[in-house]
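First the structure, in the form of structure tokens, and then the observations on it.
Chains as they are written, first to last, in this note's numbering: chain A, 409 to 558; chain B, 4 to 728.
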């Protein structure tokens with residue numbers, strides 16, 4: 409079957425089974441590999457993208473359900489310049505292995521778009537992404553730094 | 004076919020595009036010969052390491068696997084320091100694997116045992132220094148000046164006598180004609196401008212916009228994706244395959260049966276995954292078809308109870324010491340099997356042709372790819388290996404199973420193939436941190452001094468599986484490191500930070516089982532650090548001594564004592580806030596000494612919160628302080644996750660855990676502030692990737708025991724009715 413999805417501002421008509429997770433359409437069909445596969449069950453957040461501005465876990469949403477949404481991936485965050493979250497990530501050298509960081513950055517960007525001055529409790533709740541490297545304290549510090557910079 | 008992606012890969016992994024791409028790439032020069040490593044075991048060839056380009060760029064090949072530990076940056080710092088270039092001129096890239104990059108200690112290209120900076124400390128600086136001297140010699144030739152009178156700084160050679168300068172880029176052609184100097188002097192540490200500085204990580208920019216290429220991101224023209232269905236047990240074999248339904252799935256092209264696994268090959272992950280769901284395989288589950296971790300632990304416990312094994316340390320007369328003891332401590336401890344669960348699931352990409360195997364992989368073992376070629380029926384030299392970024396390694400990516408599978412499946416389908424496991428296969432087909440059981444006994448005399456020490460460890464050997472000649476005499480040093488003093492029959496040393504007196508017996512019982520075991524961050528120390536430190540706390544309690552005082556008395560080295568004393572001071576040991584409970588532990592591993600004080604609070608339901616962690620690390624020499632802090636936090640998080648939640652169990656031959664909900668990780672909301680103090684007094688340089696791990700679990704259990712009034716004799720903590728808030 410064919411499904412049309414809108415990713416990073418462009419519409420893509422894909423010959424794809426409708427039950428294919430959005431993650432695999434993004435990675436394998438569109439070749440946008442910044443969005444990562446971590447668990448396949450929405451438990452780790454590595455695959456986080458924005459759907460109509462909201463952070464969602466793309467491994468657990470079918471491409472058919474995503475038709476009509478405005479999907480944004482990590483690749484579109486910095487087309488002109490780094491967004492404040494990315495800049496703070498760069499300033500504080502947040503990533504280590506970096507594999508979870510696309511998802512972290514997408515979740516953090518959605519958080520500060522929603523709440524201009526998130527509290528630590530807001531951060532705790534919004535940032536449930538798993539990082540095995542232990543970047544958590546820098547993630548928290550970078551979100552606060554990004555907010556201050558806006 | 005592959006050139007596209009290949010070029011793309013190397014382009015994207017280059018740190019910075021040339022500041023000034025002045026003209027064409029004229030010739031660079033590479034150092035030809037062997038910088039003789041001050042590390043004695045073998046010399047290293049460093050010719051492929053560095054090129055100074057005529058357009059001003061300084062390209063540094065960084066052959067160690069970047070898995071988060073910051074090696075891209077810190078290794079290049081060593082070279083840039085001696086070369087006297089602006090950091091802005093430096094480009095770092097991941098080179099094709101080469102014998103030129105063999106590890107000075109291991110003899111093949113690998114990243115393991117926190118042994119990159121330690122091993123390349125001299126050789127990498129020699130590379131930079133030799134290039135600097137060649138550029139100075141070229142300038143001397145150009146000016147008719149004695150090179151010894153010239154200085155190099157910020158990518159230029161200067162003649163202080165007359166102020167003349169020549170940029171390195173202008174000297175490249177002439178320098179390329181010169182012989183490599185035999186002897187060069189390294190800079191005095193007082194002149195360091197790059198080493199010891201918190202230089203920004205070279206890979207951050209790539210990791211914040213999705214452009215960093217990990218193994219899973221490799222895309223080769225014509226590439227297919229292969230997803231596995233494994234035998235249910237570790238000893239299982241394929242008997243028969245019914246692939247009709249799998250092959251009927253749209254996008255599935257092939258089904259390839261290997262010995263103990265069947266791969267469904269398709270145009271992308273999802274069709275391959277659907278193919279796996281449709282696949283029917285008849286398995287022979289083999290000897291281990293009904294095996295369980297419960298059986299493994301029964302075997303370990305019996306071995307310890309029998310008291311029989313191989314002596315790994317013996318001095319004096321421990322029997323007499325225990326007979327005459329005023330008090331004794333007898334403690335049995337158990338640690339579980341652990342999975343690596345790296346965030347990037349297991350993968351490798353390969354293209355087999357009858358003449359050459361090409362591998363793209365997030366690997367820690369580039370220098371072993373000859374075995375992969377052989378597994379695919381090629382001579383060992385017929386392999387090319389490209390290293391991607393690693394979405395964490397933790398030791399799992401030292402194994403060759405993924406590249407071998409990719410090579411075999413590619414060979415079977417005559418196409419480039421990316422093998423990609425789901426999280427479930429990653430967790431169920433790991434090489435686990437070995438579970439183990441230990442009995443530790445201490446004798447105290449009437450004055451509370453330790454008069455005798457016995458330890459008996461039983462568990463499976465990693466080396467017996469992976470490098471059997473290093474497990475001679477049924478001794479694997481990794482099973483006893485941190486607990487005993489000595490060297491294995493294969494000559495590999497192990498050490499304990501404490502002097503336990505003159506009456507010591509340490510015994511190891513190697514009990515290998517169908518459960519595969521492997522290297523896991525800090526290896527044997529990950530278990531033995533917890534055991535040793537927990538035992539010392541019991542000794543202190545039995546002798547009525549303060550646990551810090553007893554450690555200070557027993558530690559062999561003033562370095563270890565200094566770490567503990569600094570920890571006491573920085574943490575405010577003994578002066579916890581009301582409602583907070585402190586635990587302390589120190590461990591020495593990878594030539595570093597790291598201690599933590601962990602402070603917790605508890606609520607009425609015995610739920611606990613980790614409030615604060617104070618860490619002190621003596622690493623000898625610090626290359627990049629900010630990165631050292633990051634690595635301390637990193638090992639702490641891995642250590643806390645393991646101590647609190649980590650346990651792999653096998654029932655009826657099958658691993659019970661399959662994904663993060665049943666193999667949990669610490670989350671951001673649970674992460675306490677961490678304050679790190681680094682001691683670097685110029686002592687021998689230590690590793691930083693793993694050394695903070697071993698003391699994490701014992702500091703936490705110490706705090707919990709004091710808070711809850713309980714004794715914790717096995718990990719993980721969560722199985723003792725204790726819940727992390």
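In this text, a Cβ means the ideal position worked out from N, Cα and C, and glycines have one as well.
In this structure, residue 88/B keeps its C-beta atom at 8 Å or more from the C-beta atom of residue 256/B. Note on geometry: alpha-carbon atoms of residue 497/B and residue 686/B lie some 20 Å from one another.
Comparing alpha-carbon positions, the option among 344/B, 54/B and 85/B lying closest to residue 667/B turns out to be 344/B. For residue 526/A, the number of other beta carbons within 10 angstroms of its own is at least 16, and it is reported as buried. Secondary structure note for residue 231/B: its beta strand (DSSP E) is the uninterrupted segment 227 to 233.
In summary, no residue of the region 460 to 492 of chain B has a CB separated from any CB of chain A by less than 7 Å. Here the alpha carbons of residue 444/B and residue 334/B stand approximately 6 Å from one another. The C-beta of residue 540/A comes closer than 8 Å to at least one C-beta of chain B. Rounded to the nearest angstrom, the gap between the Cα atoms of residue 420/B and residue 227/B is 5 Å.
Residue 152/B counts as exposed, since fewer than 16 other beta carbons sit within 10 angstroms of its beta carbon.
The contact set of residue 662/B on chain A, defined by CB atoms closer than 7 Å, consists of 447, 449 and 451 in chain order. The residue from 289/B, 298/B, 251/B and 286/B with its alpha-carbon nearest to that of residue 278/B is 251/B. As a beta-bridge residue in DSSP terms, residue 463/A pairs with 458/A. When C-beta distances to chain A are compared with 8 Å, the residues of the region 214 to 235 of chain B below that value are 214, 215, 216, 217, 219, 220, 222 and 228, in chain order. Between residue 541/A and residue 644/B, the beta carbon gap of about 11 Å keeps them out of contact (Cβ cut-off 8 Å).
The DSSP assignment places 420 to 423 and 439 to 447 as complete runs of the beta strand (DSSP E) inside the region 409 to 451 of chain B, in order along the chain (cut-off: 3 residues).
When 8 Å is used as the limit between beta carbons, residue 429/A is near these residues of chain B: 273, in chain order.
When only Cα atoms are considered, residue 311/B and residue 509/B end up about 11 Å apart. Excluding its 5 nearest sequence neighbours in each direction, residue 352/B has C-beta neighbours in its own chain below 8 Å: 218, 221, 223, 226, 362, 363, 364, 409, 419, 420, 421 and 422, listed in chain order. Counting along the chain, residue 707/B sits inside the alpha helix (DSSP H) bounded by residues 699 to 711. For residue 457/A, no chain B residue has a Cβ inside 9 Å of its Cβ, as the nearest lies near 11 Å away.
Between the region 453 to 461 of chain B and the region 430 to 445 of chain B, the count of Cβ pairs shorter than 8 Å is three or higher; the stretches touch. The three-state secondary structure of residue 180/B, taken from DSSP, is coil. In this structure residue 534/B is buried. Its beta-carbon is surrounded by 16 or more other beta-carbon atoms within 10 angstroms.
Counting every other CB atom within 10 Å of its CB across the protein chains shown gives residue 435/A a total of 16 or more, marking it as buried. Note on residue 549/B: under 16 other CB atoms within 10 angstroms of its CB, so exposed under the neighbour-count rule. Residue environment for residue 458/A: buried (at least 16 other C-beta atoms within 10 angstroms of its C-beta). Assignment of beta-bridge partners to residue 601/B by DSSP yields 586/B and 616/B. Below 8 Å, enough C-beta pairs join the region 449 to 458 of chain A and the region 500 to 518 of chain A to call them touching: three or more.
For residue 544/A, the enclosing alpha helix (DSSP H) stretches over residues 544 to 557. For residue 115/B, the closest C-alpha among the options 102/B, 185/B, 182/B and 398/B is that of 398/B. The residue from 163/B, 157/B and 207/B with its alpha-carbon nearest to that of residue 195/B is 157/B. Distance between residue 502/B and residue 558/B, taken at the CA atoms: about 6 Å. Counting of Cβ neighbours within 10 angstroms places residue 460/A among the exposed residues, the total staying below 16.
Excluding the 5 residues flanking it on each side, residue 198/B has same chain C-beta neighbours closer than 7 Å at 80, 81, 84 and 626, in chain order. With a beta-carbon spacing of about 23 Å, residue 590/B and residue 505/B fall beyond the 8 Å limit used to define contacts.
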